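A.B. asks: The sequence shown: position 185 = 185 (the UniProt record's numbering), numbered continuously. Backbone N, C-alpha and C fix where the C-beta goes; we use that ideal spot for every residue, glycine too. These numbers come from a predicted model, not from an experiment. I have a structure here, written as structure tokens, and I will follow up with some questions on it.
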Amino acid sequence: MTSTQPIRVLTVDDHPLLRAGISASINTQSGMTVVAEASDGQEAVAAYRAHRPDVTLMDLRLPKQNGIEAIAEIRRDFPTARIIVLTTYGGDVQALRAFKAGASGYLLKSMLRTELVDTIRLVHSGHRRIPSEIATTMAEHAGDDLLTEREVDVLESIASGNSNKLIADCLRVSEHTVKGHVRNILSKLNASDRTHAVMIGLRRGIIEG
């Protein structure tokens, strides 16, 4: 017997107009409804606990608690939660982090108009959804060595324009240690120089712009 209950959706984004647009689009569809909205990661976790939606749409760049942290917290307490990431950025590292945290789907915001509804239905039915271009990029880098947390810290500091000496002072390590981290970063990312490494880091979602 087919259930007649609508798919109950929680939408999480810090931009009110985008949230309103997503909710309006969902609420015009047959068989689904928005039961709650949230504007940051902490609100998302609280809203999930209060409403227990069937599907959650989660932006990643959120105030107070980012989307990946919110996904991990929700999935820790509710292992069957079905969460779709909505993001502007298609980096493979960011996508990998989201899926490791427990996301079931990944959707670029440029695809919302054409693929949002189908993705909600697909994930609600127990399937995963990864756009082909992101899946391809993830496959291309599947064998790569990921940067360590400290290497990500160094790359973020390079992106801020800091010298090795300033990075060393900030991280309370020697300049020699920082130089070693920079060599590892360039090698792992197959980057020709520091600027190239930052560009790769931003494109792949290793660091945020």
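1. Just to confirm, is the Cβ distance from P182 to N164 under 8 Å?
2. Which residue or residues does DSSP assign as beta-bridge partners of I83?
3. Using C-beta distances below 8 Å, list every residue in its chain close to A168, excluding the 5 sequence neighbours before and after it, in chain order.
4. I need the straight-line Cα distance from A72 to A98, nearest angstrom please.
5. Give the secondary structure of V152 by DSSP, where H, G and I count as helix, E and B as strand, and everything else as coil.
6. What residue ranges within the segment 122 to 186 form continuous alpha helix (DSSP H) runs of no fewer than 4 residues, ordered along the chain?
7. Where do the ends of the alpha helix (DSSP H) carrying M199 lie?
8. What span of residues does the alpha helix (DSSP H) with A20 cover, start to end?
9. Should V85 and G67 be called a contact, given that it needs their Cβ atoms to be closer than 8 Å?
10. Per DSSP, G105 forms a beta bridge with which residues?
11. Going by beta-carbon coordinates alone, are I83 and T119 separated by less than 8 Å?
C.D. replies: Reading off the structure:
1. Counting from one through the sequence shown, the residue named residue 182 turns up at place 182. Counting from one through the sequence shown, the residue named residue 164 turns up at place 164. It is Val, not Pro, that sits at residue 182 in the sequence shown. It is a contact, given that the beta carbons lie within the stated cut-off.
2. Counted from its first residue, the sequence shown places residue 83 at position 83. I83 pairs with T56.
3. Locating residue 168 in the sequence shown gives position 168, where the first residue counts as 1. Answer for A168: S174, E175, T177 and V178, listed in chain order.
4. Translated into positions along the sequence shown, residue 72 becomes position 72. Translated into positions along the sequence shown, residue 98 becomes position 98. Per the coordinates, the alpha-carbon of A72 lies some 9 Å from the alpha-carbon of A98.
5. Taking the sequence shown and counting its residues from 1, one reaches residue 152 at position 152. Note: V152 maps to helix in three-state DSSP.
6. Whole alpha helix (DSSP H) segments, 4+ residues: 132 to 140, 149 to 159 and 164 to 171.
7. Mapped onto the sequence shown, residue 199 falls at position 199. Element bounds for M199: R194 to R204.
8. The residue labelled residue 20 in the question sits at position 20 within the sequence shown. That run of the alpha helix (DSSP H) goes P16 to N27.
9. Locating residue 85 in the sequence shown gives position 85, counting from the first residue. Locating residue 67 in the sequence shown gives position 67, counting from the first residue. A contact, by the Cβ cut-off of 8 Å.
10. Here residue 105 is taken as the residue at index 105 of the sequence shown, counted from 1. Paired residue(s): I84 and R129.
11. As a working mapping, residue 83 is identified with position 83 in the sequence shown. As a working mapping, residue 119 is identified with position 119 in the sequence shown. Against a cut-off of 8 Å, the Cβ pair of T119 and I83 comes out as no contact.
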